[in-house]
Every structure is written in structure tokens, then in C-alpha cells.
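Heads up: the sequence shown begins at 4 in our numbering, then just goes up one per residue. Beta carbons are placed, not taken as given, at the ideal position from N, Cα and C, and that holds for glycine. Inspection log for the structure reproduced underneath, given as C-alpha cells.
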Amino acid sequence: MKSIEVKVGNLTIGGGHPIVVQTMCNTHTSDIEASVAQCIRMYEAGAEMIRLTVPAMKDVEALAEIRKRLRDNGIDTPLVADVHFSSEIAIAAAEVVEKVRINPGNFHRDHEKACEQFAKLVSVCKSRGTAVRIGLNHGSLGERITTLYGNTPLGMKEAAMEWINLCLENDFRNVVVSLKASNTIVMVEAYRLLAAAMEEKGTVFPLHLGVTEAGNGDSGRIKSAAGISALLSEGIGDTVRVSLTEDPVNEIPVARYLADRYGGKLHSSMGKVEISDRKAAAAYFAPSRERLILDLACDFGKMLLDRKIDDIEIKGSYRNESGEEVTIDGSREAEYLADELMQATRRRFYKPEYIACPGCGRTMYDLEKTFNEVKRRTSHLKGMVIAVMGCIVNGPGEMADADWGYVGEGSRKVTIYKKKTPVLKHVPEDEAIDRLLELIESDINRL
Ligand code: SF4
Numbered sequence: 004m005k006s007i008e009v010k011v012g013n014l015t016i017g018g019g020h021p022i023v024v025q026t027m028c029n030t031h032t033s034d035i036e037a038s039v040a041q042c043i044r045m046y047e048a049g050a051e052m053i054r055l056t057v058p059a060m061k062d063v064e065a066l067a068e069i070r071k072r073l074r075d076n077g078i079d080t081p082l083v084a085d086v087h088f089s090s091e092i093a094i095a096a097a098e099v100v101e102k103v104r105i106n107p108g109n110f111h112r113d114h115e116k117a118c119e120q121f122a123k124l125v126s127v128c129k130s131r132g133t134a135v136r137i138g139l140n141h142g143s144l145g146e147r148i149t150t151l152y153g154n155t156p157l158g159m160k161e162a163a164m165e166w167i168n169l170c171l172e173n174d175f176r177n178v179v180v181s182l183k184a185s186n187t188i189v190m191v192e193a194y195r196l197l198a199a200a201m202e203e204k205g206t207v208f209p210l211h212l213g214v215t216e217a218g219n220g221d222s223g224r225i226k227s228a229a230g231i232s233a234l235l236s237e238g239i240g241d242t243v244r245v246s247l248t249e250d251p252v253n254e255i256p257v258a259r260y261l262a263d264r265y266g267g268k269l270h271s272s273m274g275k276v277e278i279s280d281r282k283a284a285a286a287y288f289a290p291s292r293e294r295l296i297l298d299l300a301c302d303f304g305k306m307l308l309d310r311k312i313d314d315i316e317i318k319g320s321y322r323n324e325s326g327e328e329v330t331i332d333g334s335r336e337a338e339y340l341a342d343e344l345m346q347a348t349r350r351r352f353y354k355p356e357y358i359a360c361p362g363c364g365r366t367m368y369d370l371e372k373t374f375n376e377v378k379r380r381t382s383h384l385k386g387m388v389i390a391v392m393g394c395i396v397n398g399p400g401e402m403a404d405a406d407w408g409y410v411g412e413g414s415r416k417v418t419i420y421k422k423k424t425p426v427l428k429h430v431p432e433d434e435a436i437d438r439l440l441e442l443i444e445s446d447i448n449r450l
């Protein structure tokens, strides 16, 4: 499916151009030194586009300064402003960077007003040559859409098409669209529906793919690769961000792998596969462990998501960091990797399901450390969905179908959510995991 070309500074997204690899800073944008340093590390690691959060009007100035310092350093990587809720900030940011990411439904509760504000932003972007990403997420669709369509892939597609139609009416085509979800089935379905709807409409805008709040480590990589590869293998998707709750530089090799593999530059390290009784048995000879897990997720993620197979068994080997061959035939590691893929594709849950945002300039605590501690202390709660979110502004909306949520408020305080309801507010950070565990235990005992 050929999308139209969208210009983002010196970069072209869509129109058959190579898949663009992007990432996002987790620094405070107002901390110009730290943000510039992180952007430089990202650039050196191969990021082709870098997003920064812009929570307040004063951050627009910081963003302009970050851009200037990068350009002075000879780095012309296009920058993207991530703006929530305020059309004024989005308009100001559109004057200083190459692209603005918005969720236009969040501009105003009243849909008519949100449309007016969006039209103003479009007119500034048209005159400045700034691109826009309409970035809708499962979990933050707004009441109007969820009342009509539910919090569903269909609702996500319908919401996106409303804004796409508005762009077409305004003759504005410098637009990229994303429909992220942490649930890989929802994410794949939403993008497929949207791609088909745009094709029917006659204008296919480039798609930015991502599994949001994917977490970290093997799970974050497998979940991201399974969801994103299912779409790229169908020709859906023009730019990729792999969201990991880690140093954002770690996202880039994973995104690069996906871009290269579906750009035809890489092939799987799988040697042999047999499928019988809807179970795949695959042998790998991978050059590294990371490569093994990414190959595995790409080779079988889509088949599992689409229910073409029901189980997977792996064997073979990979090379460890010292270059030694590690054989995994019949090992606990082979079983664990198969379990991870089964859970990433939501076919079998062998542990709790975690949702964790990657963190950004809105995060006021050590998200990665806290997330790892929450994982360590809740590992026995198989099947439960637990979210760890960086901020109270977007966290509650974006943790979608979590049973429990640990959401940073700022000022070293935390709110604990049960489903969508805040059940304990302003909990000091150093007590918050204990309180979360107590609430979960007492809830289990009540059942
Ligand atoms: S939920 Fe996480 S990534 Fe999203 S805005 Fe808040 S801190 Fe940033």
C-alpha cells in the first residue's frame, strides 16, 4: 500500500521511502544541556527523527534552543514536539520544529471547538511547512468516540478518520497518523482498519507504528517486534518507534532491525521450521541473543496474533557477547522465550501483563528502577495487568485496560489506580509499592 510523501525537514516519510527510525527523549525539555546531550547520543546511535515533550509554553523556547544547538553541532535530525491538550502550545511549537505530534481530540472536550483549534494549527503548519502527527492512542479516545464505538480498534480508526477528513477538507497533506495500543491485538487491528479506510478514501497518509507502553527488556522488545512486524510485513507502516522503559538509545537498534528487515536488507536467522497440529517448531542460528528474540517475534508474531498457529517451540543457538555459541535445545531459556512470545501476542499468559510508559520530560521519578521493582514484587500475580506510568497527565488515560496502576504525580508522590479509579492519592514514593501490594492482596482475599 503506497502512502503519500510527507516532508519532515530534510526527511521524507512514506511514498515508498525507507522506513524511518525514530525515538523520544526522556529528559526534561527545559533541561537544555541534558536534552541536547541525549539527542546527540540518539543521533550517533542512528535516530533519524527525535521527539521531545512540550508540556508548557516555556518549553517551546527550550525546544528552539535545543534545535539551535544541535544544528550548530552539524546535526540536522528533524525534531518533533510532543504536545498534549493545548492547541496554543502546538501552534507555538509548529513555528520552531519540523513536526508536531498531537492528539487533537484532547484539544477541547467540545468536538466543534477542538476542530476549530485543529484548523488553526493546520493553517500555521501549512504556512511554515511543518508536518503533523495525529497520534491517537487506545485508552485516550475521549468520551464521544467511546460512547459511539467503544474503546475499540474500530473507535480508534473512526477517530483517526475524522481528523484525516478535516485535513483533506483543509487541503493539508503533511500528515502522519498513529494508532498505538499496548495490546498488540488491538494495535494491529486498528492500523489495519485505518489503512483500509484511507485506501478506500483515496489518500493514504504515512503511518507511524508503535506498541505503546511495551515495558522493557525481552518483553518490551518481543511485544514491539511482534506488533510492528505484523503490519510491516503487509506493507503497512512508514516510520517506527519502539517504546522501551529504558535508556531511549536502546530503542534504536530494535527499530533499525525492523526497518532493515522489512526494507529487505536483513533476513531471519531461522534455519528450519516445521508446522504441524497448529504448532510451529523452529530452529535458529542467531548471531546474538537480541537477534534471536527479534527474529522469533517477527517470524511468528503475526501467525500467533492472527491465530494461524496456537503454539511455538524453539531450538538452535545464538552467540553470546563473548562470541560463544549457546545452544538452547530443550532449555529453560527456549521455553521462556516461547512463553514471552505467547504472552506478547496475548495467546497465553504465564506471568502478569505489564504496561509501562517509556517516560518523557513529564516523568518526575526513576521510572525504570520503579518498574523493575514493581515487576520483581508482583511476579506471582499471573494474568493480572499492572501499569507503571510516568505522569498523572497522560498516564491514567493511556494505561488502557490495566487492573492496577502506579502513576507518578510529581513531588515524590504517587496515585494508585484500581482500573480507572484512583483509590489512593498522594502516597509518598518510598511507600507506594508496599501500598499497591497491600491493596492487591486485600482485593484478592476479598474474592
Ligand atoms: S504517560 Fe509516560 S510517556 Fe506519556 S506523557 Fe506521561 S510520562 Fe510521558
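First through last residue of the beta strand (DSSP E) which encompasses residue i
{"i": "Thr-155", "result": "From DSSP, Thr-155 is part of no beta strand (DSSP E); its letter is neither H nor E."}
{"i": "Ile-105", "result": "102 to 105"}
{"i": "Asp-85", "result": "82 to 85"}
{"i": "Tyr-368", "result": "First-last for Tyr-368: undefined, no H or E at that position."}
{"i": "Lys-275", "result": "273 to 279"}
{"i": "Arg-136", "result": "134 to 140"}
{"i": "Arg-54", "result": "52 to 56"}
{"i": "Ala-359", "result": "356 to 359"}
{"i": "Lys-421", "result": "416 to 421"}
{"i": "Met-27", "result": "23 to 27"}
{"i": "Val-179", "result": "178 to 183"}
{"i": "Glu-412", "result": "407 to 413"}
Proximity test, residue i beta-carbon vs ligand 1 heavy atom, cut-off 7 Å
{"i": "Asn-397", "result": "yes"}
{"i": "Thr-56", "result": "yes"}
{"i": "Arg-44", "result": "no"}
{"i": "Pro-361", "result": "yes"}
{"i": "Thr-373", "result": "no"}
{"i": "Gly-230", "result": "no"}
{"i": "Glu-401", "result": "yes"}
{"i": "Thr-206", "result": "no"}
{"i": "Arg-244", "result": "no"}
{"i": "Cys-28", "result": "no"}
{"i": "Gly-223", "result": "no"}
{"i": "Arg-104", "result": "no"}
{"i": "Thr-366", "result": "yes"}
{"i": "Gly-138", "result": "no"}
{"i": "Met-52", "result": "no"}
{"i": "Gly-108", "result": "no"}
{"i": "Met-392", "result": "yes"}
For residue i, the first and last residue of its enclosing alpha helix (DSSP H)
{"i": "His-114", "result": "114 to 131"}
{"i": "Asn-253", "result": "No alpha helix (DSSP H) contains Asn-253, which DSSP labels as neither H nor E."}
{"i": "Ile-43", "result": "35 to 48"}
{"i": "Leu-269", "result": "It is not in any alpha helix (DSSP H) - Leu-269 carries neither H nor E in the DSSP assignment."}
{"i": "Arg-438", "result": "432 to 449"}
{"i": "Met-201", "result": "187 to 204"}
{"i": "Leu-235", "result": "220 to 235"}
{"i": "Val-63", "result": "60 to 75"}
{"i": "Ala-390", "result": "Counting along the chain, Ala-390 falls outside any alpha helix (DSSP H), though it belongs to the beta strand (DSSP E) covering 388 to 392."}
{"i": "Ile-94", "result": "90 to 97"}
{"i": "Gly-398", "result": "398 to 401"}
Beta-carbon gap between residue i and residue j smaller than 8 Å
{"i": "Thr-248", "j": "Ala-359", "result": "yes"}
{"i": "Leu-295", "j": "Ala-286", "result": "no"}
{"i": "Ala-199", "j": "Leu-182", "result": "no"}
{"i": "Tyr-353", "j": "Lys-385", "result": "yes"}
{"i": "Met-456", "j": "Pro-251", "result": "This structure leaves residue 456 out entirely; the chain is present only between 4 and 450."}
{"i": "Ala-405", "j": "Val-24", "result": "no"}
{"i": "Ser-38", "j": "Leu-55", "result": "yes"}
{"i": "Trp-407", "j": "Ile-436", "result": "no"}
{"i": "Val-127", "j": "Ala-97", "result": "yes"}
{"i": "Arg-104", "j": "Gly-138", "result": "yes"}
{"i": "Val-100", "j": "Val-83", "result": "yes"}
{"i": "Thr-242", "j": "His-270", "result": "no"}
{"i": "Lys-5", "j": "Val-207", "result": "yes"}
{"i": "Leu-344", "j": "Ala-300", "result": "yes"}
{"i": "Ala-229", "j": "Gly-223", "result": "no"}
{"i": "Ile-395", "j": "Val-410", "result": "yes"}
{"i": "Ala-93", "j": "His-141", "result": "no"}
{"i": "Ile-35", "j": "Ile-78", "result": "no"}
{"i": "Val-86", "j": "Val-125", "result": "no"}
{"i": "Ile-16", "j": "Val-179", "result": "yes"}
{"i": "Gly-158", "j": "Leu-169", "result": "no"}
{"i": "Pro-355", "j": "Thr-381", "result": "yes"}
Residue i: CB within 7 Å of a non-hydrogen atom of ligand 3
{"i": "Thr-32", "result": "Absence of ligand 3 from the depicted structure is noted, with ligand 1 being the only ligands included."}
Entirely within the region 287 to 351 and at least 4 residues each: give me those alpha helix (DSSP H) ranges in chain order. Segments of the alpha helix (DSSP H) lying fully in the region 287 to 351: 292 to 308 and 335 to 347.
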